[in-house]
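Please read the structure below before turning to the comments.
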Amino acid sequence: MAKKVILHIGRHKTGTTGLQLFLESGSLELAKSGFCYPLAGRDQSPGQSREDRAAHHGFARALIGPRDVVRQRLSALRPLFLDEVKDAHTVILSSEGFQNVLHLDLLAEFLDGFEIEVVGYLREYLAYVTSAYAQEIKGSRLASDFFFFEERFGLNLPDFIARWRHMAKRCHWRLYDRRRLVDGNVIADFVSTAGLPLAPSRAVVDSNLSISGNLLGFKLLLNMLGLHQPEFGPPMNALVLAHPGFGGPIFLDSATQQKLRSRNSCNRVLTELFSDVSEFDFEAGNRIFDPASLEQDMKTILSEFSAFERVISHPFIASLARGQLDSVRMAV
15 MAKKVILHIG RHKTGTTGLQ LFLESGSLEL AKSGFCYPLA GRDQSPGQSR EDRAAHHGFA
75 RALIGPRDVV RQRLSALRPL FLDEVKDAHT VILSSEGFQN VLHLDLLAEF LDGFEIEVVG
135 YLREYLAYVT SAYAQEIKGS RLASDFFFFE ERFGLNLPDF IARWRHMAKR CHWRLYDRRR
195 LVDGNVIADF VSTAGLPLAP SRAVVDSNLS ISGNLLGFKL LLNMLGLHQP EFGPPMNALV
255 LAHPGFGGPI FLDSATQQKL RSRNSCNRVL TELFSDVSEF DFEAGNRIFD PASLEQDMKT
315 ILSEFSAFER VISHPFIASL ARGQLDSVRM AV
C-alpha cells in the first residue's frame, strides 16, 4: 500500500498559522500513530519566528525559481525527507507558500511513490482580498491603497484548482466560513478532513491577527514614511485584542463591493463547489482614517508604540502625538 502525503496548501488568510502551530505541537502524538509532520522543509534557523519554524515554508520556497535551480534544491532535500518519514504511513506538509508554486510537476517528482492528497481552504473573494491587503500592510513595507492592491491581486481560482487537480490523486476543497467548518474552526476541520489522530481542542492562539480601522491607517502611514519594522507585530496584536475597532473587516460601500466581486470569477467558482457562499456586507466594516475616532485612536496607538524611538521621534508621528491631525488629513 502506497504511503500518503497530505499537502495543506493554504490558501493564506485561512487560519494557516494557527493550524501549523497546532500540527507542530502535536508532532510526537502524530508519530505514535504512524503520521509524520517532518522537520525537513521547515526552516529552523535562529532568525525564524516560531510561526515560521512550524510551517514548511522552506520547502515551498525551494520550489520557486528556475527549473534547474529547483531541481538542485529538491535533490538536496529529498534524502533528508525520505529518511525522516521512512517509518510513517502518512506524511503531512503545510505551507500557504505552496499556493504560489508553478513547478507542480517537480513537486510531484519529489513525492514520487506517495499518494498525494491536497487540502485547500478557499475564501469568499472580497473577504479574502481585504484580509490579504490588511496583512500585507501589517507585515511588510507595502504602501499602496486597497484599490491599487486589489487590481493587482491576480486571483485566478479556476486555474489554481485545475493545476492542483491535475497533480494530486484527490483534492479536498473546503470553504473558509466558520459556519461551514467542523466545530467552527479550521483546526478541527483539518483534523476531520485529514483523519488525524489528534484532539482539536488543543487550540493554539493565532498570532497572525488582521488589523483594521485606524490601526491599519496608522501602519500604512508608517510604511509610507519608511518606518516598517517586523517588531511591530506584537504591539499591533495587543491593540487588536484590546480594541475591537482595530481588527475585523474594513469599510467598503455597497457599490464598490458589487463592482469588485463581479469582475473576478472567484465567487462564481466557489458557488459551483459549495452551492451557498455568504458575502459579508463591508459597509459594517471599520473605516480607515475614521475622523469620528481618529484623535482618540491615535493616542491609544501611539501609547502602545512608545518604546519605538524611531517611530515616536519622527516629525510626522510627533505631530500626531501633539494632536495635530491635519498632517494625517493632508497625507491621505
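Numbering-wise, the sequence shown is residues 15 to 346 according to our numbering.
We treat Cβ as the ideally placed atom computed from N, Cα and C, and that holds for glycine.
Just so you know, these numbers come straight off a predicted model, no measurement behind them.
C-beta atoms of R155 and H242 nearer than 7 Å: Numbered from 1 along the sequence shown, position 141 holds the residue referred to as residue 155. Numbered from 1 along the sequence shown, position 228 holds the residue referred to as residue 242. Going by C-beta atoms, R155 is nearer than 7 Å to H242.
Distance CB(T207)-CB(V133) smaller than 7 Å: For the purposes of this step, residue 207 is taken as residue 193 along the sequence shown, with counting starting at 1. For the purposes of this step, residue 133 is taken as residue 119 along the sequence shown, with counting starting at 1. Cβ atoms of T207 and V133: closer than 7 Å.
Beta-carbon proximity of L118 to R194, cut-off 7 Å: By 1-based counting over the sequence shown, the position of residue 118 is 104. By 1-based counting over the sequence shown, the position of residue 194 is 180. Not closer than 7 Å, so no.
Residue environment, H103, which counts as buried when at least 16 other CB atoms sit within 10 Å: Position 89 of the sequence shown, counted from the first residue, corresponds to residue 103. Exposed: under 16 other Cβ atoms inside 10 Å.
Contacting residues, own chain, Cβ-Cβ under 8 Å from A16 (five flanking each side not counted): On the sequence shown, position 2 is the one that residue 16 refers to. Counting only Cβ-Cβ distances below 8 Å, and skipping sequence neighbours, we find G127, F128 and E129.
Close Cβ partners of A69 (< 7 Å) along its chain, the five nearest in sequence each way excluded: Looking up residue 69 in the sequence shown gives position 55. Closer than 7 Å at Cβ, skipping near neighbours: Q34, R56, S108 and S109.
Short CB-CB distance (under 7 Å) between A157 and chain C: The question asks about chain C, but that chain is absent: this structure has only one protein chain.
Unbroken alpha helix (DSSP H) run spanning R177, endpoints: In the sequence shown, residue 177 corresponds to position 163, counting from 1. Here the alpha helix (DSSP H) through R177 covers L171 to M181.
Under the three-state DSSP convention, the category H71 falls into: Taking the first residue of the sequence shown as position 1, residue 71 is located at position 57. Three-state result, H71: helix.
Sub-7 Å separation of N228 and D304 beta-carbons: Taking the first residue of the sequence shown as 1, we reach residue 228 at position 214. Taking the first residue of the sequence shown as 1, we reach residue 304 at position 290. Yes, these two residues count as a Cβ contact at 7 Å.
Per-residue DSSP class, three states only, for Y139: The residue given as residue 139 occupies position 125 in the sequence shown. If DSSP states are grouped into helix, strand and coil, Y139 belongs with the helices.
Outcome for N170 when other beta-carbon atoms lying within 10 angstroms are tallied against a minimum of 16: Against the sequence shown, residue 170 aligns to sequence position 156. The residue in question, N170, is exposed, as its Cβ has fewer than 16 Cβ neighbours within 10 Å.
Secondary structure of F49, DSSP reduced to three states: For this step, residue 49 is matched to residue 35 along the sequence shown. Of the three classes helix, strand and coil, the one that applies to F49 here is strand, per DSSP.
Through-space distance from A332 to G48, alpha-carbon basis: In the sequence shown, counting from the first residue as 1, residue 48 sits at position 34. In the sequence shown, counting from the first residue as 1, residue 332 sits at position 318. Taking the straight line joining both Cα atoms gives about 57 Å.
Continuous beta strand (DSSP E) assignments of at least 3 residues falling wholly in the stretch 59-109: 104-108
Residues near L53 in its chain [Cβ-Cβ closer than 7 Å; skip 5 each side]: Position 39 of the sequence shown holds residue 53. These residues qualify, in order along the chain: E98.
Cβ pair count under 8 Å reaching 3, the stretch 317-331 against the stretch 285-293: no
Reference S327; option with closest CA among L239, Q271, S292 and N278: As a first step, residue 327 is located in the sequence shown; it is residue number 313 there, counting from the start. Nearest option by C-alpha distance: L239.
Three or more C-beta pairs below 8 Å linking the stretch 136-152 and the stretch 263-275: yes
Contact set for D159: own chain, Cβ-Cβ below 6 Å, skip 5 residues either direction: As a first step, residue 159 is located in the sequence shown; it is residue number 145 there, counting from the start. Cβ within range, chain order: n/a, list empty.
For L21 and F112, believed in contact at Cβ under 8 Å, the rounded distance: For the purposes of this step, residue 112 is taken as residue 98 along the sequence shown, with counting starting at 1. For the purposes of this step, residue 21 is taken as residue 7 along the sequence shown, with counting starting at 1. F112 to L21, Cβ: 7 Å. Contact.
Close-in-space but distant-in-sequence residues of the same chain around F322 (CB under 6 Å, 5 per side omitted): For this step, residue 322 is matched to residue 308 along the sequence shown. Closer than 6 Å at Cβ, skipping near neighbours: no residue.
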